[in-house]
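Here the structure comes first, spelled out in structure tokens, and everything after it is commentary.
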Amino acid sequence: MILRMALVSAMFVLTFGLLHGASYTAIGYGNTIDEAKNEALVTLASQLSSRVRSTQRVVIKETTAGKRSEESQLFVHDAQVDTSLELLGVRLDAGRLGGDGRYQINAFLDEQALPLYLGALGEVKRYIDDIERRELARLSYGEQQMLLLQLLRRYEEFETYATISRALDGQAVVPELERTKAGVELDYWNLLSQEAEALQLERTQLQDALSNAQMRDAASLQLQAVMAEINKNQAAQQVWQEEQVRQQQESLQRTGIQIQAIALGMQRRAEQAVRRAATEQQQQDPLAQISAIEQKKQAFRAIEDDMIEQIAQQRAKIDQRYAAQIEEERGRPYRAGEMLAGRPTEAAQRFRLERLDDIRRMQDDEVTQMERQLRDSASPALQQLKNEIVDGYKHLEKTTFALDSIQDSVMIKVGAYNGLRNSWPVAIRLSILNQPIPIDLYVPFESMTGERVPDLGAESARRHEEYERYLDSVDLFEAYFSTADIALTGSISYRIYVGENPSEYGVVVESVTLRRTDTGETIYSHKDSEAMDRVMYYRHDPAIPVEHWYTSRLTQYHRSEIRKAENALSKSQRREALNAMMEKSTLNQSRMAMVTAGLTFARMEGSAISYPFTLGFEATYRMPFSNRLRLGFGMDLIQMAPEMGITVYGTIELMFPLYDFPRAKPYGSAGLMGFVRGMFGMWYEGTDEEKMEGPHGLATLATGVRYVTPGMWLEQRVSVVLAGLHQGEFSTLVGIGVRIP
């Protein structure tokens, strides 16, 4: 009962910290300063763990006022701390001597230490990711075991740091791991089992080799080494099994008699459900379909190879026969009528060459006819096999296969409850087409139990009652998972697709469903929308390259993704090139002067439209803090016969790249830029009395494009008057600009 209350209190303190942030303080007493310090640190550690172990080692990295950080290792008995618990940034005061003659020291841990834990989380995650990216299958069993055990320790560190980080600040952003500790535990056990099978097989082979006198000495030495490895493997399996039993007993110790009874009932119902399901028919293995397809491919290749060999043999016979005829024709003596002065006439020689050409044509015709006959004779069988192979591909890809953990080799392990996620980690390990497939996921508390996580936001007696019921539910399912042989059952649906390489098949897991065995209730169901991106490949041996007949959905998807990636890369490269163009001082000059000329379209009295000629000059300057922004001033002269108008204005302009010509000739580099500008100024207008009237306010919006080269701009602009005396008038201008030194 005392243990139970201590557990509730510790988890309550931790959860309150998760919700509100926390500053943890602990007081230690002792006959000496060191005893008081140790008690304060242990008491502080006990507030941050909800696990109970009989013997602990607590590592505390403390920061004492006026001193550098120190590390303490404490061995604690019957304390509520985790074996891997490491506290960072603990602060201690100087301590004081109390009236009872005992020393008192205060230990503190608050949000100031949060960056230390977040930094440690990042380091641990990088370490875990580095190991999980390695191809462990290529390493020896010993190396794989070492790395998996390192992973387990790192997962424990990660859980500790994450728990304390959330306790210090409930809003802290804690990184997440893709896999689970339960998955690593399952991988480690599978590795021990695989090693045991391999060693037993090797032992059997070596024992057989002892009967051979020539191999006896070497086999005897190897057998001794193998027996040592077998003993080592058995010891590792025993240690692992003892650890699982210890965890199971520990889980039961945390529960009351009533909860144990409920868990036992759940276990019995689960066993009954397993027995019922074991009698059902198993679904066909897709390997049978693949084997049938591959046998037809081998038959196709055998017929084709035999046809090619027969053609080669018959061609050799034909070539040999006609070679003899050609040699005979060449060696045949000319007749008397073909001779002149002891030499064959030109006509006789030409006739002899034509005769040789006729023989060669006859040879080619016979070879062609022979090949056609042999190919035609094999064609029906080859075409039928080809159609059956393609139909087999289509049928294979249309079929949705399923594995069930009761009937098939699917292993499911439920890890310890994760209070940060309010969920149980579940690791699933299965094999499809001899390809191992790991699946790690989390099942929320609500889905597993059918209850909700209590809202602990308000202080009330009801809050404590709800929280204790929540803890009871967690304890119940922890006990159920640790005692039931098959606590959860699951089914996995997957598809098989034809790969791009010879005799290659891609395995795509599409959905995962988990059920509670005791009730049959579905507690987790997920259909992976990105399943095509996670493919495990199986290659049949021997590989027969006929996949060019058929393009699978998987290949089409991957080619589409490659095109999308290439297009995205092309767009990215294009954006980078355009942005680089804005950075080039040779194209985007600091100072530019420009002369413009064009027409202004103005509506006159009587609805008549005039087209006055405009001539202008302007200068602009690129702002140092932005290569896209320019300021400037200018003046336009507008000839409106017989009057004349003058505009003086200032400009603000925004430029943006449109296209770059990296090898433009003869400039070496050039580009096309667009711009939008505002023009604000004054308008002066001539009158019949030959004097100027004004000024009148003017606001104009302009846009256009300019072709830029080193030292020169060519511009096309359209502008419209937004406000002022000539509102609504617009102009179209061309300009040429040069760099101002």
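So for the sequence shown, this note's numbering puts the first residue at 1; every next one is plus one. Glycine residues also receive a C-beta, built at the ideal position from the N, C-alpha and C atoms. Note that the structure is a prediction, hence the values are computed from the model and not measured.
- Taking C-beta atoms as the reference points, S493 and E397 fail to come closer than 7 Å.
- Annotated three-state conformation of F680 is strand, per DSSP.
- Fewer than three Cβ pairs drawn from the stretch 398-408 and the stretch 163-170 lie within less than 8 Å of each other, which leaves the two stretches out of contact.
- Taking a cut-off of 8 Å for Cβ pairs, the stretch 577-594 and the stretch 616-623 touch, as three or more such pairs fall below it.
- Looking at the DSSP output, H526 sits in a beta bridge with V512.
- Per DSSP, G724 is one residue of the beta strand (DSSP E) stretching across M712 to G724.
- Only buried fits H726, as 16 or more other CB atoms lie within 10 angstroms of its CB.
- By the beta-carbon neighbour count (other beta carbons within 10 angstroms, threshold 16), D636 is buried.
- In the DSSP assignment, M362 falls within the alpha helix (DSSP H) that extends over E346 to K398.
- In the structure shown, V738 falls within a strand segment according to DSSP collapsed to helix, strand and coil.
- For Y505, the secondary structure class from DSSP, reduced to helix, strand or coil, is strand.
- Nearest in C-alpha terms to V705, of all of G711, G686 and V676, is V676.
- Shown here, A228 sits in a helix according to DSSP, grouped into three states.
- The beta carbons of Q639 and F661 sit no closer together than 7 Å.
- Across the set F625, T651 and G697, the C-alpha of T651 shows the shortest separation from the C-alpha of G634.
- Of the other Cβ atoms in all chains shown, fewer than 16 fall within 10 Å of the Cβ of Q313; this residue is therefore exposed.
- When secondary structure is reduced to three states using DSSP, I544 falls in the coil class, being assigned neither helix nor strand.
- Between the C-alpha atoms of P344 and Y322 there is a straight-line separation of about 24 Å.
- Counting other Cβ atoms within 10 Å of its Cβ, S731 reaches 16 or more and is therefore classed as buried.
- With respect to G598, L733 sits close: the two C-beta atoms are nearer than 7 Å.
- Boundaries of the beta strand (DSSP E) harbouring R622: F613 to R622, taken from the DSSP string.
- Contact holds between the stretch 490-508 and the stretch 425-440, because three or more Cβ pairs, one in each stretch, are under 8 Å apart.
- With respect to the C-alpha of T703, the residue from W713, P741, E653 and Y659 having the closest C-alpha is E653.
- Judged by DSSP secondary structure, N38 falls outside any beta strand (DSSP E) and instead within the alpha helix (DSSP H) spanning I33 to S46.
- L97 and N31 have their C-alpha atoms some 9 Å from each other.
- No Cβ-Cβ contact shorter than 7 Å links T700 with V718.
- A direct Cα-to-Cα measurement between I131 and E156 gives close to 15 Å.
- With fewer than 16 other beta carbons inside 10 angstroms of its own, D93 counts as exposed.
- Cβ-Cβ separation between S473 and T449: approximately 5 Å, consistent with a contact (criterion under 8 Å).
- M655 is bridged by DSSP to F675.
- The stretch 93-168 contains, as complete beta strand (DSSP E) runs of 3+ residues, the segments 103-109 (chain order).
- Of the candidates W189, P545 and L177, the residue whose Cα lies closest to the Cα of Y141 is W189.
- At a Cβ-Cβ threshold of 7 Å, V184 and L151 count as neighbours.
- In chain order, M307 place their CB closer than 7 Å to the CB of R375, counting only its own chain and leaving out the 5 sequence neighbours on each side.
- Within a 10 Å sphere around the beta-carbon of M227 sit fewer than 16 other beta-carbons, which makes this residue exposed.
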